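Note that the numbering used here has the sequence shown beginning at 30, numbered continuously upward.
Yeah, the Cβ is synthetic: ideal placement off N, Cα and C, and Gly gets one too.
Computed from a prediction, not measured in an experiment: that's the story for all the values here.
Report on the structure given below.
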Amino acid sequence: RADIKEKTEDKIRNLDQFVKRYQGGLMKRVLSNISMAAMTLLLSCAAANAFKLPDTGQMLCHDLAGNVTSCANTGQDGAYTINPISFTDHGDQTITDNNTGLLWQKCMAGRVNNATCDYPGNSVPYLFNWYQATGTSDPTYNPSGLYRNVCGELGTGWRLPTNLELMSIMDYSLESPAIQATYFPNTVNCLWTSLPAVIEENESWTVTLNGGINFTSIIYNPCGVRCVRGVQTTQSLTDNGDGTVTDHSTGLMWQQGEPGSMTRAAAPNYCETLAFPPTNGYTDWRLPNIKELVSLVDYAHAIPAFNSTLFPNVFEDYYWSSTPAIFGGKATGQWVVASFDGELANGASGTSTYYVRCVRSGGINVCPATAPVMIDTVSYLTISDAYDSATDGKSVKMQAMYFPEGALGLTRNIDITLIGGYDCGFISQLGGFSTILGSITFGGLGTVTIENIAIN
């Protein structure tokens, strides 16, 4: 929106008191002879760095006229399947996102908790203002006599989601609602997030089910609420010193420089043919999908909403994603993200030029189907198998990928080191980490040292 660019920096408010932030970094702790409370704290901090970003759900590719076409050599979103959208319905009105590990309300707050999440009677509210949704006191919109803390009323740990968290459950192959109604039925068009807007005063971010886009709304307006449980994940960016930046929270590696503006057709081709850095460069670059591009936005800042220290030459404009915008049952354009505040828009015209930032898998391997764990020269399929075979003093090496271990028991009387972040050949570490999806039980008289591993 053009009016955003005209607003001055003095309207930008410091949101540190609103946004709970976790600093990134590699987990390197000796987990021995410590209390279970301390153990829980360590694992919670590690989980803040692990966010397996789901795919957008888009599996088709389109030409500039919006017609479905072959995905071969297009570089479009539909050409890649990395982390397919996956949910588990627990049958108790909660849904787990099997990629992120976050636990969601099946029915929106205030709805009838049945299979179809029916509308309640007129006496029961199911739309709330932002003060009520967040439990923020306000004499007019959330007064003491009628105080509401919608997510807090569900119990400990329930909260409003961030922009990225709420957009992570969207399905951008769908139009309206842009969410899988089997798991999240009867959802209203507007859902609150926890994040106040930086530029617009008295507004906060929402996500609309009409396309899955985000926009700001006046905080006393009514919107729906879908609460979430789980550790809030925030960026953990590292300058790799070679023209690339790694976000350890997602495992994505980003192009640091600015190649300039280009058309919708040229953008994916540029990334697909990029070999960077110039010396021994990676060749698996691609145009990011809309969820990946949103993950790079820091909604606590604006003008730009990208990290200006690590991306110092950000253009105050829109950046292309590889995800088509579906309206009227047809791809009418391609989603773009505004660098000045992180809002989505439809880059509809085939002749429009916007900016590009390429991405690759970074610290998360896409390896051939080989055993991803190794002790010395012996390979294993799981961490559990390797640990059970290990002898005292050994190091268990893991590729930089996700390990769905479930319940991992480290209870033997041996000293062992678990080291994550390795490439496919176990030769070097990628600057990323390995992520264990599940729980870990510690016991016995041995010492377990963990390096470059996140537990989600």
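Give the range of the beta strand (DSSP E) segment to which residue i is assigned.
| i | result |
| --- | --- |
| Lys359 | 359-367 |
| Ser223 | 219-225 |
| Leu373 | 373-376 |
| Asn192 | That residue, Asn192, is in no beta strand (DSSP E); its alpha helix (DSSP H) goes 192-197. |
| Ser246 | 243-247 |
| Thr216 | Looking at the DSSP string, Thr216 is not in any beta strand (DSSP E), and its letter there is neither H nor E. |
| Asp167 | Note, Asp167: premise wrong, no beta strand (DSSP E); not H, not E. |
| Thr145 | First-last for Thr145: undefined, no H or E at that position. |
| Thr262 | That residue, Thr262, is in no beta strand (DSSP E); it is neither H nor E in DSSP. |
| Thr117 | 116-118 |
Just list the residues that DSSP pairs residue i with in beta bridges.
| i | result |
| --- | --- |
| Val388 | Trp283, Arg315 |
| Ile468 | Ile is not the amino acid found at residue 468; the sequence shown has Ser there. Its beta-bridge partners are Ala436. |
| Ser290 | Tyr384 |
| Trp159 | In DSSP, Trp159 forms no bridge with anything. |
| Tyr409 | Val402 |
| Cys252 | Phe157 |
| Trp349 | Val365 |
| Trp133 | Ile124, Val257 |
| Thr275 | Thr267, Met282 |
| Ala354 | Gly362 |
| Ile208 | Met199 |
| Thr338 | Beta-bridge pairing links Thr338 to no other residue. |
| Ser463 | Ile482 |
| Ser424 | Thr446 |
Which of the three DSSP states is assigned to residue i in this structure?
| i | result |
| --- | --- |
| Cys90 | strand |
| Thr237 | strand |
| Gly473 | coil |
| Gly449 | strand |
| Leu325 | coil |
| Glu182 | helix |
| Ser457 | coil |
| Ala429 | coil |
| Pro83 | coil |
| Thr173 | The sequence shown places Ser at residue 173, not Thr. Three-state DSSP puts Ser173 in a helix. |
| Asp106 | helix |
| Ile482 | strand |
| Gly150 | coil |
| Gly53 | Any reading at Gly53 must be qualified, since the residue scores a pLDDT of 28, below 50, and its modelled position is unreliable; the value itself is stated next. Here Gly53 sits in coil by DSSP. |
| Ser61 | Any answer about Ser61 is weak, because its pLDDT of 32 lies below 50 and its placement is not dependable; what the coordinates show is given next. Note: Ser61 maps to coil in three-state DSSP. |
In terms of alpha-carbon separation, which member of the options lies closest to residue i?
| i | options | result |
| --- | --- | --- |
| Val343 | Gly139, Gly286, Asp313 | Gly286 |
| Phe369 | Arg386, Lys359, Tyr348 | Tyr348 |
| Ile242 | Ser115, Cys219, Arg177 | Cys219 |
| Leu82 | Cys100, Leu195, Cys90 | Leu195 |
| Ser468 | Pro433, Ile456, Val477 | Pro433 |
| Cys387 | Tyr328, Ser233, Pro288, Gly86 | Pro288 |
| Glu321 | Asp271, Gly358, Gly272, Ser390 | Ser390 |
| Glu568 | Asn192, Ala360, Ser463 | Given that the chain is displayed from residue 30 to residue 485, the structure contains no residue 568 and the question cannot be resolved. |
| Ser350 | Pro341, Val407, Tyr328, Ser290 | Ser290 |
| Gln284 | Glu182, Asn336, Asn158, Gly438 | Asn336 |
| Pro307 | Gly150, Thr273, His330 | Thr273 |
| Asn112 | Ala329, Asn318, Ser413, Asn171 | Asn318 |
| Ser324 | Leu193, Trp364, Tyr416, Lys135 | Leu193 |
| Pro214 | Gly253, Met427, Asn231, Trp234 | Gly253 |
| Gly181 | Ile208, Leu175, Leu189 | Leu189 |
| Gly240 | Tyr176, Met430, Leu183, Pro353 | Pro353 |
| Thr165 | Met137, Thr191, Ala210, Ser223 | Ser223 |
Over the uninterrupted alpha helix (DSSP H) stretch that includes residue i, give me the two end residues.
| i | result |
| --- | --- |
| Ala415 | 412-418 |
| Pro297 | 295-301 |
Counting only beta-carbon atoms, is residue i nearer than 8 Å to chain C?
| i | result |
| --- | --- |
| Pro288 | Protein chain content of the structure displayed is limited to a single chain, and chain C is not contained in it. |
Since residue i and residue j are thought to touch, with beta carbons under 8 Å apart, how far apart are those beta carbons, to the nearest angstrom?
| i | j | result |
| --- | --- | --- |
| Gly472 | Thr440 | 4 Å |
| Asn102 | Phe116 | Wrong, their Cβ atoms sit about 32 Å apart, outside the cutoff. |
| Val385 | Tyr451 | Not a contact, Cβ separation roughly 31 Å. |
| Thr267 | Thr275 | 5 Å |
| Thr123 | Leu131 | Not really, about 10 Å apart at Cβ, beyond 8 Å. |
| Gly376 | Arg293 | 6 Å |
| Ser202 | Gly86 | 4 Å |
| Tyr249 | Asn158 | 5 Å |
| Ala539 | Thr470 | The displayed coordinates of the chain run from 30 to 485. Any statement about residue 539 would go beyond what the structure contains. |
| Leu89 | Gly379 | About 18 Å separates the two Cβ atoms, so there is no contact after all. |
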